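Residue numbers (my numbering): 168 to 237.
Every residue gets a Cβ at the ideal spot worked out from N, C-alpha and C, and that includes glycine.
From a predicted model like this one, the values you see are computed outputs, not experimental measurements.
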């Protein structure tokens with residue numbers, strides 16, 4: 168019922184079973200932490216860091232779509 172709970176369950180059902188890449192799940196978690204910092208702590212990021220986050224999100228989405236197509 169919580170965002171954290173959803174991530175935990177996603178890990179149990181898909182990452183731990185090998186159906187979804189662990190590195191993408193971990194990177195998405197890091198991205199969530201970065202977003203919170205940017206929202207609440209006025210953190211600043213370099214262009215390259217932002218680009219890395221966008222590319223990671225694209226990889227996450229592609230892996231999700233591929234998993235759904237199975």
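{"Query": "Member of 188, 180, 179 and 220 whose CA lies at the smallest distance from the CA of residue 233", "Result": "188"}
{"Query": "Beta carbon of residue 230 nearer than 8 Å to that of residue 191", "Result": "yes"}
{"Query": "Chain-order list of residues whose beta-carbon lies under 6 Å from that of residue 210 (same chain, five-residue window excluded)", "Result": "204"}
{"Query": "Neighbourhood of residue 197 by C-beta distance below 7 Å, restricted to the same chain and skipping five residues each side", "Result": "none"}
{"Query": "Given residue 220 as reference, the closest of 169, 235, 208 and 195 once Cα atoms are compared", "Result": "195"}
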